[in-house]
Amino acid sequence: MLIAMLVAEVFAVLAYGALFLLLSLLISRALLAGIIYTLLWETTFSRFIPGVRLLSVRHFVESIYVRLANDPAATMD
């Protein structure tokens with residue numbers, strides 16, 4: 322279970338790093354855009370609009386963890 326958590330976190334760091342690097346290359350105020358992305362897309366939109374959560378980094382990382390953990394209690398909501 323610990324290995325599954327570590328592998329999922331490595332993917333999270335790589336995915337968020339790549340996303341925010343791309344954002345910083347495209348936008349001059351990348352920190353503000355990253356905060357807006359995190360607050361709006363990852364938390365608000367992905368919870369209330371069906372189908373949007375499939376496009377979030379958080380869902381990607383959670384699906385990796387659930388697949389590697391093979392724990393029925395670790396299901397995604």
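In our numbering, the protein residues as written are 322 to 398.
Here a beta-carbon is modelled for each residue, glycine too, at the ideal position from N, C-alpha and C.
Which class does R368 belong to by DSSP, given the choice of helix, strand or coil?
helix
For my contact list, F381 and A336 are in at a C-beta cut-off of 8 Å; report their separation, rounded to the angstrom.
6 Å
With V373 and A333 assumed to form a contact (beta carbons below 8 Å), what rounded beta-carbon distance in angstroms separates them?
Actually they do not touch by this definition, with Cβ atoms about 18 Å apart.
Return the chain-ordered list of same chain residues with a C-beta closer than 8 Å to the C-beta of E330, the five sequence neighbours on each side being excluded.
V382
Pop quiz: F366 and G355 are said to be a contact at Cβ under 8 Å. What is the actual Cβ separation, rounded to whole angstroms?
Wrong, their Cβ atoms sit about 15 Å apart, outside the cutoff.
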